[in-house]
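Just so you know, the protein sequences line up as chains L and R, in that order.
Numbering-wise (the numbering used here), the first sequence opens with residue 823 and increments by one.
Numbering-wise (the numbering used here), the second sequence opens with residue 348 and increments by one.
Accompanying notes for the structure given below.
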Amino acid sequence: MNYSLLILTFFPLIGLPILLFLREEQKNAIRWSALLVSLVTFGLSLWVLSRFQPEAGLQMQIDLPWLNIAGIRVSFQMGIDGLSILLVLLTAFLTPLAILSTWESVTEQVKGFMMFFLMLETGMLGVFLAQDLVLFYIFWEFTLIPMYFLIGIWGGARRIYAAVKFFLFTMAGSVLMLLAILYLGLAGKSFSLSELATNRAMFANAQTWLFLAFAAAFAIKVPVWPLHTWLPDAHVEAPTAGSVILAGVLLKMGTYGFLRFNLPLFPQAALSFAPAMAVLAVIGILYGAIVSYQQKDVKKLVAYSSVSHLGFVMLGIFALTPRSLSGSILQMINHGLSTGALFLIVGMLYDRRHTREMSAYGGIWKVVPVLGALMLVVTLSSAGLPGLNGFVGEFTILMGSFASPVLNSPWFAGVATLGVVLAAVYLLVMFEKVFLGPLTHEENRTLKEITPREVVVLLPILILIGWIGLSPNFFFNLISPSVHQLTALLQAAAVAVR
Amino acid sequence: MPIFSLVPWVVLIPVIGLSINLLLGRRLGEAFSGALATLAAGGSFVVAVLLAVGLSRDPHPVVVPFVDWITLGDFSARWAFRVDTLSVTMMLVVAGIGTLIHLYAIGYMHADVHHQGDPGRFTRFFVYLNLFIAAMMILVSADNFLMLFVGWEGVGLCSYLLIGFWFEKGKDGIANARAAKKAFIVNRIGDFGLLIALFLMVANFGSLDFSVVFEKAPALAAAAPGVLLAMTLFMLLGVTGKSAQIPLYVWLPDAMAGPTPVSALIHAATMVTAGVYLIIRSTPLFVLAPVAQATVTWVGALTAFFAATIALGQFDIKKVLAYSTISQLGFMVAAAGMGASVAAMFHLITHAFFKALLFLAAGSVILGMEKGHERAHQFDESGHKSAGFDPQDMRNMGGLRDRMPTTYWVYLIGALALSGIPPLAGFFSKDEILHAADQYHNLVFWILLLTAFLTALYMGRQLILVFGGTVRTRAAGASTENGAIILLPLILLAILTVLGGLINFPGLWTLDHWLEHTLEGLPPAVFSPLTALISVLIALGGLGTAYLVYLVTGQVIESNSPDPLERLGFLWKGIAARWKVDELYEAIIVRPYQRLAHFLASPIDQGLIDGISAGLAWLMQFFAELLRRLQNGFVRSYALVVLFGVVAILTYVVLVR
Chain L
823 MNYSLLILTF FPLIGLPILL FLREEQKNAI RWSALLVSLV TFGLSLWVLS
873 RFQPEAGLQM QIDLPWLNIA GIRVSFQMGI DGLSILLVLL TAFLTPLAIL
923 STWESVTEQV KGFMMFFLML ETGMLGVFLA QDLVLFYIFW EFTLIPMYFL
973 IGIWGGARRI YAAVKFFLFT MAGSVLMLLA ILYLGLAGKS FSLSELATNR
1023 AMFANAQTWL FLAFAAAFAI KVPVWPLHTW LPDAHVEAPT AGSVILAGVL
1073 LKMGTYGFLR FNLPLFPQAA LSFAPAMAVL AVIGILYGAI VSYQQKDVKK
1123 LVAYSSVSHL GFVMLGIFAL TPRSLSGSIL QMINHGLSTG ALFLIVGMLY
1173 DRRHTREMSA YGGIWKVVPV LGALMLVVTL SSAGLPGLNG FVGEFTILMG
1223 SFASPVLNSP WFAGVATLGV VLAAVYLLVM FEKVFLGPLT HEENRTLKEI
1273 TPREVVVLLP ILILIGWIGL SPNFFFNLIS PSVHQLTALL QAAAVAVR
Chain R
348 MPIFSLVPWV VLIPVIGLSI NLLLGRRLGE AFSGALATLA AGGSFVVAVL
398 LAVGLSRDPH PVVVPFVDWI TLGDFSARWA FRVDTLSVTM MLVVAGIGTL
448 IHLYAIGYMH ADVHHQGDPG RFTRFFVYLN LFIAAMMILV SADNFLMLFV
498 GWEGVGLCSY LLIGFWFEKG KDGIANARAA KKAFIVNRIG DFGLLIALFL
548 MVANFGSLDF SVVFEKAPAL AAAAPGVLLA MTLFMLLGVT GKSAQIPLYV
598 WLPDAMAGPT PVSALIHAAT MVTAGVYLII RSTPLFVLAP VAQATVTWVG
648 ALTAFFAATI ALGQFDIKKV LAYSTISQLG FMVAAAGMGA SVAAMFHLIT
698 HAFFKALLFL AAGSVILGME KGHERAHQFD ESGHKSAGFD PQDMRNMGGL
748 RDRMPTTYWV YLIGALALSG IPPLAGFFSK DEILHAADQY HNLVFWILLL
798 TAFLTALYMG RQLILVFGGT VRTRAAGAST ENGAIILLPL ILLAILTVLG
848 GLINFPGLWT LDHWLEHTLE GLPPAVFSPL TALISVLIAL GGLGTAYLVY
898 LVTGQVIESN SPDPLERLGF LWKGIAARWK VDELYEAIIV RPYQRLAHFL
948 ASPIDQGLID GISAGLAWLM QFFAELLRRL QNGFVRSYAL VVLFGVVAIL
998 TYVVLVR
């Protein structure tokens, strides 16, 4: 039995008793302890990476007997493969940076904040590592609670509305997924993903409905158009660190869910729903980009841009080619990095000026040249400039989708490519409104330049943005073998249909 | 040949230069930054020369692998360098002109940063400029379409950064930033086309390597000619963006917001020729799609003519040159479309010489005017600077010949070369294009000939407005010649402009022989004395017309008098208003897009879509409210319900069963 994934998942919880022993006034001690715990977790994730063998498929598996539901075994089953390794790393990578970003922005109830944050990390890691459906569902729902409180307590003016909306939207989808999981367990006599995937003939006649039930939960999380309206509210009200994790990791739980469950469990349904999903994805790409352009609040703009960017990921998933799927997985990471960094920088501006209205800025590049230059790099990464990470993801997704035999039409990718143009429009408009032009507000004249702590927060992300952009093969090599297993399975399913 | 393994250094040297400047430049000062960046560009040029020497001994194309970039299953795109006579020619032009412009910029930017009041930005300029050289080198040295695209977008980024270099200046403090954004977005529209072309290549050839694509293209042309046509037309969309052709040329005139060395290097001599290079590089694809070739030719010819008309109606010294650049790029694109690749390349090279010369000389004029303005108003009793003085407006100039003699002479050389006066470089290259057009299609030939006339006319007009007549403002009167660091690059470029014709001198055909190692199936080079005679007469006619209109009969040499061409009536109004194309795009693209965004963001997103979820929540509340009434807490109503229930059940049991 290999306990490494168990240790990795629950390590953040070690922080909870430590924090309990600290008094609320010991703010810095609380912050440093939480940071330290999340850094060790990141170290553990690197240790997992060092022992990861891309070709070996699902590995470092752990399988502990746990519960019995109606005679069907629920086990504590975890494993990691190419679909999840990068998302696990991203989670463990972004959490300490998000914690470090709160030094000056979270000053009330620091202890509670950090405890929720560490709980959230365990929940997210569990989602990406669980191999048992019930266990997955528990982790999936578990992430809701800390995020609900992070938004609801430390959020902006309309935080309660946003938190409740976030909670209800997600729950609505999750309930359907829960029903589907129970059905699967009864029909397939197991909750283990691998066993169900092998015995999928046992529930093949219901797979259309099962696919849709899972899809409902995941599509709301992504969010797929038109289920996205919780996202702008949640982002605008969430504290910076919450937005970073929300955009960086939580949304990927949706896209990851499609990859991990919908494709291997219901391959025929996935094939027949692929064009419809691709249509929604393309609409999301264009719609998110166009609506972004209209926003006056930077966080809202970035929130809608996520709808657009995750549309690319969805298109790549449902184009169902090895290239587009690999591109989608990489693009999940890219989006986490670029959008995470965007939210971090927006948060830095908010810490200084306490507004996210773009009209309150303008021309500040002259005042904060380093911050402006870093923002430009992140903006360009988000806009898909070659040499930075976003381009590699978008290009591989579009290239793969263009010639997808499942979609069987270049129109999906062709129209989606327009999103690349529109992304340049809203991103450059944002950069112009905030950083270029004349200094229109006196109070911006004394804006503080980026601090060393803030550089430490951004620099690791920028290094990865450059690394993935210049040399993506290291990452593709981790992904590809698992993607090929997945597409082989789909291939077989397609043949079986004929 | 081992010397070819040096090729990565054409990119790496400028990258090293910009890295050092980024880290240390501001601390070590202007002299260091400028010198380092210039040396980096020069280093790139030296490597290009060594490659050219190597090719002159063994002209066969060589591919130098460098690193793997994207490997994904059976798709792989590596960063490899292609060393052949075409790519090395481009490298020589880019790095050669680039080095001269770096040198010039040391002097120009020194004055500019002080004039604009932010000396700290000097280093940043040279970081961007070196980044541009690196990106342009990636573009021209790529061995596959993906790396070409990397360079293609990379130079677009540099263009964005440099147009918006004074991002807080321009009209209302925002015009420069807007111009930069416009350039990037319009180019992105073109890049959309190029991306689709790339996807079509991957889908049909499985690779983006030049060799694979060109090898497999004939089979595709036979099997699915429509696909190949789509591929080349989408590529043309990319070309119209980068090389500023109809319908995407509108960004280039605005790009003049960038400092003048940028206009010379990026927006005249090198980056904007990338589209021409792309067509020539992709000749094996275009020859298989005659419809695409014809489209390219017509786009080029019409752009050449259209832009030339606008150039005639401008008063900004740089705007005239900008429209002239669009027009000359049209000549090159048309030539490339006609299959006259060597003529296109020849004109690309000579144009790089004389247009860089003209822009830099225009910069020298602007500097002189700025200095003159400052000097003239230093002694004002009022002491304040007169607001709104435009040192680029030709109406404020006049008579600069005596005040800036060197600038005048080099400008004259550049203008005559552009007009096509022998024996200057422009004459030979333009003549080759006209000859090819004569062979290709009568109408194209006449359009280009008419354009040549307009070219000579607007250059004659500009010469007279700037240098001729008498001074029209105090600033012009007080202007003086610039220093050696400005003038030296001008003189070197003037020499290149005079001698550039030798590159493909009729009879010797050096460029033809040089490029035939790379481009197959070139038509034989011919010099047609008749075409040459016609084009010289046309050029002289244009210059003569300008002389008659502006010097002999015109009153423009006096301040504030209307342009004599205003007598053209609505034609003048059209060209002076640039045929209102920007306004047209504003009305049919920009504003509808804004309206669509507004519509989707407000009534649709916040109204309809969010309304549905809010409506669901409301419905829930509504039913909850209804059900709540059942739980009213009165025992009698519960008893009543129980009674109804019992009666209903009994009725069912007794009657129905």
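For every residue, glycine included, the Cβ atom is placed at its ideal position computed from N, Cα and C.
**Request:** Would you list, in sequence order, the uninterrupted alpha helix (DSSP H) runs of no fewer than 4 residues that lie entirely inside the region 580-609 of chain R?
**Result:** 598-601
**Message:** Rounded to the nearest angstrom, what separates His782(R) and Thr892(R) at their Cα positions?
**Reply:** Against the second sequence, residue 782(R) aligns to sequence position 435. Against the second sequence, residue 892(R) aligns to sequence position 545. Going by the C-alpha atoms only, they are around 24 Å apart.
**Request:** Using three-state DSSP, classify Ala924(R) as helix, strand or coil.
**Result:** As a working note, residue 924(R) is residue 577 in the second sequence. If DSSP states are grouped into helix, strand and coil, Ala924(R) belongs with coil.
**Item:** Among Leu1006(L), Ile1042(L), Gly1212(L), the one whose alpha carbon lies nearest that of Phe989(L)
**Value:** Along the first sequence, one-based indexing puts residue 989(L) at 167. It is Ile1042(L) whose Cα lies nearest to the Cα of Phe989(L).
**Prompt:** Is it true that the CB of Val357(R) sits closer than 8 Å to the CB of Ser391(R)?
**Reply:** The count along the second sequence starts at 1 and reaches residue 391(R) at position 44. The count along the second sequence starts at 1 and reaches residue 357(R) at position 10. It is a contact, given that the beta carbons lie within the stated cut-off.
**Request:** Indicate whether at least one CB of chain L lies closer than 8 Å to the CB of Leu419(R).
**Result:** Your numbering for residue 419(R) matches position 72 in the second sequence. Cβ-Cβ to chain L under 8 Å: yes for Leu419(R).
**chain L within 8 Å of Phe344(R), Cβ atoms only** = Nothing in the structure corresponds to residue 344(R), since chain R is present only between 348 and 1004.
**Message:** Short of 7 Å Cβ to Cβ, which residues in the region 517-542 of chain R face chain L?
**Reply:** The residues in question are Gly520, Ile521, Ala524, Lys528, Phe531, Ile532, Arg535, Ile536, Phe539, Leu542.
**Asked** If the cut is a Cβ gap below 7 Å, which residues of chain L does His945(R) touch?
**Response** For the purposes of this step, residue 945(R) is taken as the residue at position 598 of the second sequence. Per Cβ cutoff of 7 Å: Gln1116.
**Prompt:** For Ile464(R) and chain L, any beta-carbon pair shorter than 8 Å?
**Reply:** Working through the second sequence from its first residue, we reach residue 464(R) at position 117. Going by the sequence as given, residue 464(R) is Gly instead of Ile. Contact with chain L is absent for Gly464(R), since none of that chain's Cβ atoms lies less than 8 Å from the residue's Cβ.
**Prompt:** With contact counted as at least three CB pairs below 8 Å, one residue from each stretch, are the region 1083-1096 of chain L and the region 1105-1122 of chain L in contact?
**Reply:** no
**Asked** In this structure, what does DSSP give as the bridge partners for Asp538(R)?
**Response** In the second sequence, counting from the first residue as 1, residue 538(R) sits at position 191. DSSP output for Asp538(R) lists no bridge partner at all.
**Request:** Using only alpha-carbon positions, find the residue among Ile521(R), Gly376(R), Asp737(R), Asp556(R) that is nearest to Tyr469(R).
**Result:** Numbered from its first residue, the second sequence carries residue 469(R) at position 122. The residue you asked about is not Tyr; residue 469(R) is Phe in the sequence shown. Selected option, being the one with the closest Cα: Gly376(R).
**Asked** Do Met1136(L) and Met1099(L) come within 8 Å of each other at the CB atom, strictly closer than that value?
**Response** Position 277 of the first sequence, counted from the first residue, corresponds to residue 1099(L). Position 314 of the first sequence, counted from the first residue, corresponds to residue 1136(L). For Met1099(L) and Met1136(L), yes; Cβs fall inside 8 Å.
**Asked** Are there three or more Cβ pairs, one per stretch, closer than 8 Å when the region 837-851 of chain L is compared with the region 936-956 of chain L?
**Response** Three or more Cβ pairs closer than 8 Å define a contact, and the region 837-851 of chain L meets that threshold against the region 936-956 of chain L.
**Asked** Closer than 7 Å, Cβ to any Cβ of chain L: which residues of the region 920-952 of chain R, in chain order?
**Response** Taken in chain order, the members of the region 920-952 of chain R whose beta-carbon sits within less than 7 Å of a beta-carbon on chain L are Leu943, Ala944, His945, Leu947, Ala948, Asp952.
**Message:** With a threshold of 8 Å between beta-carbons, can Glu728(R) be considered close to chain L, or not?
**Reply:** Residue mapping note: residue 728(R) aligns to position 381 of the second sequence, counting from 1. In this prediction, Glu728(R) has a pLDDT of 48, which is less than 50 and means its spatial position is unreliable; nothing more can be read from the coordinates.
**Request:** Measure the CB-CB distance between Leu957(L) and Ile884(L) and report whether it falls below 8 Å.
**Result:** Indexing the first sequence from 1 puts residue 957(L) at position 135. Indexing the first sequence from 1 puts residue 884(L) at position 62. No.
**Prompt:** According to DSSP, is Phe351(R) helix, strand or coil?
**Reply:** For the purposes of this step, residue 351(R) is taken as the residue at position 4 of the second sequence. In the structure shown, Phe351(R) sits in a helix (DSSP, three-state: H, G or I).
**Asked** Taking Cβ positions only, does Asp415(R) come closer than 8 Å to chain L?
**Response** As a working note, residue 415(R) is residue 68 in the second sequence. So yes, Asp415(R) belongs to the interface.
**Message:** I'd like to confirm the pairing. Which residues does DSSP put opposite Ser423(R) in its beta bridges?
**Reply:** Numbered from its first residue, the second sequence carries residue 423(R) at position 76. Ser423(R) is bridged to Thr418(R).
**Item:** Enclosing beta strand (DSSP E) for Met1022(L) [first to last residue]
**Value:** In the first sequence, the residue the question calls residue 1022(L) occupies position 200. Reading the sequence as shown, one finds Arg at residue 1022(L) and not Met. Unbroken run through Arg1022(L): none, as it is neither H nor E.
**Prompt:** What's the call for Asn534(R), buried or exposed, on a 16-neighbour Cβ count within 10 Å?
**Reply:** Numbered from its first residue, the second sequence carries residue 534(R) at position 187. Burial call: buried.
**Message:** Less than 8 Å between CB atoms is the rule here; does Leu1053(L) satisfy it with respect to chain R?
**Reply:** Residue mapping note: residue 1053(L) aligns to position 231 of the first sequence, counting from 1. The beta carbon of Leu1053(L) sits no closer than 8 Å to any beta carbon of chain R.
**Request:** Report the partner residues of Arg429(R) according to the DSSP bridge assignment.
**Result:** Position 82 of the second sequence, counted from the start, is the residue given in the question as residue 429(R). In DSSP, Arg429(R) forms a bridge with Val410(R).
**Message:** Would Gly1169(L) and Ser860(L) qualify as a contact pair, given that the criterion is a beta-carbon distance under 8 Å?
**Reply:** The count along the first sequence starts at 1 and reaches residue 1169(L) at position 347. The count along the first sequence starts at 1 and reaches residue 860(L) at position 38. No, they are not a contact pair.
**Request:** Would you be able to state if there are at least three C-beta pairs under 8 Å between the region 1149-1168 of chain L and the region 1308-1317 of chain L?
**Result:** no
**Own chain residues within Cβ distance below 7 Å of Phe351(R), not counting five before or after** = For this step, residue 351(R) is matched to residue 4 along the second sequence. For Phe351(R), same chain residues with a beta-carbon under 7 Å away, outside a window of 5 residues either side, are Leu398, Gly401, Val409, Val411, Val430 in chain order.
**Asked** Excluding five sequence neighbours on each side, which residues of the same chain lie with their C-beta closer than 8 Å to the C-beta of Gly1185(L)?
**Response** For the purposes of this step, residue 1185(L) is taken as residue 363 along the first sequence, with counting starting at 1. A distance below 8 Å between beta-carbons, with the five flanking residues on each side excluded, links Gly1185(L) to the following residues of its chain, in chain order: Phe1257, Leu1258, Gly1259, Pro1260, Leu1261, Thr1262, Asn1266.
**Prompt:** For a contact meaning CB atoms closer than 8 Å, what does Leu495(R) contact in chain L?
**Reply:** Position 148 of the second sequence, counting from 1, holds the residue named residue 495(R). Here the premise fails: no neighbours, minimum Cβ distance about 10 Å.
**Asked** What are the start and end residues of each continuous alpha helix (DSSP H) run of 4 or more residues lying completely inside the region 1040-1071 of chain L, in chain order?
**Response** 1052-1059, 1062-1067
**Prompt:** Are the beta-carbon atoms belonging to Gly622(R) and Leu584(R) less than 8 Å from one another?
**Reply:** Taking the first residue of the second sequence as 1, we reach residue 622(R) at position 275. Taking the first residue of the second sequence as 1, we reach residue 584(R) at position 237. Cβ distance not < 8 Å, so Gly622(R) and Leu584(R) don't count as in contact.
**Nearest-angstrom beta carbon gap, Thr1161(L) and Ser1204(L) [assumed within contact, 8 Å]** = Along the first sequence, read from residue 1 onward, the residue named residue 1204(L) stands at position 382. Along the first sequence, read from residue 1 onward, the residue named residue 1161(L) stands at position 339. So it is a contact: roughly 7 Å between Cβ atoms.
**Distance between His788(R) and Ala651(R) (C-alpha atoms, nearest Å)** = Within the second sequence, numbered from 1, the residue matching residue 651(R) stands at position 304. Within the second sequence, numbered from 1, the residue matching residue 788(R) stands at position 441. Their Cα atoms are separated by approximately 16 Å.
**Prompt:** Under a CB-based cut-off of 8 Å, is Arg845(L) close to chain R?
**Reply:** Here residue 845(L) refers to the residue found at position 23 of the first sequence. No, no contact with chain R.
**Prompt:** Can you tell which of Leu866(R), Asn491(R), Arg425(R), Val440(R) has the C-alpha that lies nearest to the C-alpha of Leu612(R)?
**Reply:** In the second sequence, residue 612(R) corresponds to position 265, counting from 1. Nearest of Leu866(R), Asn491(R), Arg425(R), Val440(R) to Leu612(R), Cα basis: Val440(R).
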